[in-house]
Ligand SMILES: [Zn+2]
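Residue numbers (the working numbering): 127 to 517.
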């Protein structure tokens, strides 16, 4: 998305100042007029007119006043998106379903459906049909105009063309079939992007990345993907192929990865590795074990394997920390199931594997959006385009 296009009418979005105000709200949450003027960088004298225009257009409303403890004087009445403002249809994929949702600009999931589909083996036709069905159900339920459709795909995507360049977990999505079919069926703008990147955008606007200038959002479990927000902007790289941290080498003489390279981070820090090691250690339920199950087993070989899992995850995180200096690492996927026990193990190992001046500045956080992160990210793709926010 090299050049964001203003797709709302001029009456609705108007000018740069209105766009800045919308972005400040997306970035920071509900704000008073005074805070909005400061954070959006618009003159105090004009913020009233800009805000009123957005209220009149049905995008914003005044929320209940918040009285801060110890503060005297009239409390501010923050402005925030209306519940029916900025409606987006969002699509993400799990192993056995296509998930679709209706999301508003606040990040509320207003409706959600799952269409059963074995996504890894689904032919393009089957996959597209499941996506169309999911989107149809949530669009029908929409109480107001839907601005667009966002699709978060586990694979390499070119958001400028809506094309999926390649996807191991979702081979049926490769090409422009999804975006073309959705555009044709619904007549709405369709935004397709990599799921880890969309997830980072979802965190930036709706989650634990709000107000954090530089952070990384890391997906764990079946694969390892990374979305980056650097100095307040989602980083897409030169051609959209960024965030393949899972395929950086962590073992020079390691095993062959499914990607064809040798010794990738993904060969030692995914569920596939964890289950193989669990089986070798004779742990019960090894074939379907995950972080939550491992933490529940607690002792002996399970505790030892949990510590190794944490350390192996930390190896890749240390690369991120040394390279980019994020102030926060937001973890998604399998490790979230391991709760505070696993989070603190990972944080400790990351600290042990990082340079002293780097390690004190980074927070390791389990995403509070977790289950919804893909859908919220897909919705954020649409908002970034429709509100003409530089994302
Ligand atoms: Zn690899």
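Note that CB positions come from ideal geometry on N, CA and C, so glycine has one too.
All figures in this text were calculated on a predicted structure; none of them were measured in a lab.
Just curious, the alpha helix (DSSP H) that residue i is in, first and last residue?
i, result
"residue 145", "142-154"
"residue 384", "No alpha helix (DSSP H) holds residue 384; DSSP gives it neither H nor E."
"residue 300", "No alpha helix (DSSP H) holds residue 300; DSSP gives it neither H nor E."
"residue 467", "465-478"
"residue 442", "426-450"
"residue 178", "170-182"
"residue 398", "397-406"
"residue 331", "321-332"
"residue 163", "159-166"
"residue 519", "With the chain covering only 127 through 517, there is no way to say anything about residue 519."
"residue 422", "417-423"
Between which two residues does the beta strand (DSSP E) carrying residue i extend?
i, result
"residue 292", "289-292"
"residue 313", "No beta strand (DSSP E) holds residue 313; DSSP gives it neither H nor E."
"residue 454", "454-459"
"residue 186", "186-188"
Assuming residue i and residue j are in contact, meaning their beta carbons sit under 8 Å apart, how far apart are those beta carbons, in whole angstroms?
i, j, result
"residue 228", "residue 270", "Their Cβ separation, rounded to whole angstroms, is 10 Å, which puts residue 228 and residue 270 out of contact at 8 Å."
"residue 145", "residue 334", "Contact flag wrong, Cβ pair sits at about 25 Å."
"residue 73", "residue 346", "Outside the displayed range of the chain (127 to 517) lies residue 73, so it cannot be described from this structure."
"residue 219", "residue 261", "The pair is not a contact, with the Cβ atoms about 13 Å apart (cut-off 8 Å)."
"residue 177", "residue 165", "With 8 Å as the limit, residue 177 and residue 165 do not qualify as a contact, their Cβ atoms being about 13 Å apart."
"residue 150", "residue 202", "Wrong, their Cβ atoms sit about 14 Å apart, outside the cutoff."
"residue 447", "residue 471", "In fact, because the Cβ distance is near 16 Å, the residues do not count as touching under 8 Å."
_Pocket of ligand 1 (residues with CB nearer than 6 Å to any heavy atom), chain order_ = Result: 373, 383, 385, 387, 390 and 392.
*Enumerate, from N- to C-terminal direction, the unbroken alpha helix (DSSP H) stretches of 4 or more residues contained entirely within the segment 340-375.*
List check, alpha helix (DSSP H) in window: nothing returned.
*Does the segment 414-428 come close enough to the segment 459-467 that 3 or more CB-CB pairs lie under 8 Å?*
Counting C-beta pairs with one atom in each stretch, the segment 459-467 and the segment 414-428 have three or more that are closer than 8 Å, which means they touch.
*Between the segment 407-421 and the segment 329-343, do three or more beta carbon pairs fall short of 8 Å?*
With fewer than three CB-CB distances shorter than 8 Å, the segment 407-421 does not count as touching the segment 329-343.
*In chain order, which beta strand (DSSP E) runs of at least 3 residues are fully inside the segment 206-286?*
List check, beta strand (DSSP E) in window: 213-219, 223-229, 235-242, 272-279 and 282-284.
_Measuring CB atoms only, is the segment 345-353 touching the segment 318-325, in the sense that at least three cross pairs come out at less than 8 Å?_
Yes, since at least three Cβ pairs between the segment 345-353 and the segment 318-325 fall closer than 8 Å, the two stretches touch.
*Touch check for the segment 294-301 and the segment 478-493: three-plus C-beta pairs under 8 Å?*
Contact fails: fewer than three Cβ-Cβ distances are below 8 Å.
*Mind the definition here: the segment 427-435 touches the segment 367-383 only if three or more C-beta pairs lie below 8 Å; say whether that holds.*
By the Cβ criterion, the segment 427-435 is not in contact with the segment 367-383, since fewer than three pairs of Cβ atoms, one from each stretch, lie closer than 8 Å.
_Measuring CB atoms only, is the segment 245-252 touching the segment 161-179, in the sense that at least three cross pairs come out at less than 8 Å?_
The segment 245-252 vs the segment 161-179: no contact.
_Whole beta strand (DSSP E) elements within the segment 477-512, 3-residue minimum_ = Counting whole runs of 3 or more residues, the segment 477-512 contains the beta strand (DSSP E) stretches 489-492.
_Within 8 Å, do at least three Cβ pairs link the segment 323-332 to the segment 496-505?_
At 8 Å Cβ cutoff, the stretches touch.
_When you compare the segment 208-227 with the segment 284-291, are there three or more beta-carbon pairs, one atom per stretch, that lie closer than 8 Å?_
Short answer: they don't touch.
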